[in-house]
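Below is one structure, written out as structure tokens; the observations come after it.
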Amino acid sequence: MKKILVSGEVSINKLAKIASIATNKNQEELAGLAKILPCRALETLARDERRQALSESVHVNTNPQQSLLTVNLLAHLDYDLQKDLLERQKKGININQLLKDLLKKHDEELAQEKQKLAEEENRRAEMRNTATGAREKIPATGAHAKKPSRYIPAKIRRQLRKEHGTKCSIRTCQKPATTIHHTQRLALSQNHDPNFLSPLCREHHAIAHSIDRTYWKKRRP
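As structure tokens, this is what we get:
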């Protein structure tokens, strides 16, 4: 990293953003990223690395239950809902199990909805490619294939919102999502399969176009 600083390829401000996470093992990769990412994206990258290291340390050295952040969820619930839960608890109903069952059902419904949308998108892409090939009497690939629209259907955007909310899908990030990123290049996938879509903030979207899949596998939920 000192080499690219001396050569003037990267400013000292950029290197300062990632100096705290640089090691002998990753400094070459970081130097390459420093050449192409803006300062704010580098700052986000460094923050992610620190939080990831802290998370792994907490997981290894502490009881998982003790490592959870204390959040007063009751303060975010409607009064009627709080009252309902307390009344059920007084009756001897296991509120913990009730909520677990509701969340499990919710997640299963989301997964089924996502799978249905994915199948529809894949069928649509297959039909589009078949029709293009039939018209041109050649395989619908390369320059002859009709390019898919970059517009993401509203029902898919709604599904992503149900799953991820309004925040960036990187678990260490709390910034608002600004872009829906295709984790598989649209030119290759030819569709908007929700299994390969991630709502990202501006900085993580910049990183997404400059880094390998290992990064996303480590940080996505």
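In this text, residue positions in the sequence shown follow the numbering used here: the first is 2, and each later residue adds one.
Each residue gets a CB set at the ideal place from its N, CA and C atoms; glycine is no exception.
Note that the structure is a prediction, hence the values are computed from the model and not measured.
C-alpha distance - residue i paired with residue j, whole-angstrom precision
i: residue 35; j: residue 88; result: 57 Å
i: residue 151; j: residue 187; result: 8 Å
i: residue 40; j: residue 183; result: 23 Å
i: residue 211; j: residue 171; result: 16 Å
i: residue 144; j: residue 106; result: Only weak support is given to the placement of residue 144: the predicted model assigns it a pLDDT of 48, under 50, and the question is left unresolved by the model.
i: residue 93; j: residue 83; result: 16 Å
i: residue 53; j: residue 27; result: 15 Å
i: residue 90; j: residue 96; result: 6 Å
i: residue 80; j: residue 98; result: 21 Å
i: residue 103; j: residue 158; result: 23 Å
i: residue 47; j: residue 131; result: 45 Å
i: residue 30; j: residue 78; result: 45 Å
i: residue 111; j: residue 100; result: 16 Å
i: residue 108; j: residue 129; result: 31 Å
8 Å Cβ cutoff met for residue i and residue j
i: residue 18; j: residue 43; result: yes
i: residue 160; j: residue 114; result: yes
i: residue 13; j: residue 51; result: no
i: residue 168; j: residue 176; result: yes
i: residue 208; j: residue 45; result: yes
i: residue 85; j: residue 173; result: no
i: residue 195; j: residue 126; result: no
Identity of the residue in the options nearest residue i by Cα
i: residue 179; options: 210, 105, 205 and 80; result: 205
i: residue 193; options: 121, 210, 169 and 130; result: 121
i: residue 9; options: 26, 93 and 32; result: 32
i: residue 124; options: 47, 190 and 16; result: 190
i: residue 153; options: 181, 97, 98 and 11; result: 181
i: residue 11; options: 27, 26 and 38; result: 38
Residue i, buried or exposed, once every other Cβ within 10 Å from all chains shown has been counted against 16
i: residue 15; result: buried
i: residue 76; result: exposed
i: residue 117; result: exposed
i: residue 20; result: exposed
CB contact below 8 Å: residue i versus chain B
i: residue 180; result: Considering every chain present, this structure includes no chain B. It has just one protein chain.
Is there contact here, the segment 163-179 with the segment 195-204, by at least three beta-carbon pairs under 8 Å? Three or more beta-carbon pairs drawn from the segment 163-179 and the segment 195-204 are found closer than 8 Å, and the two stretches are therefore classed as touching.
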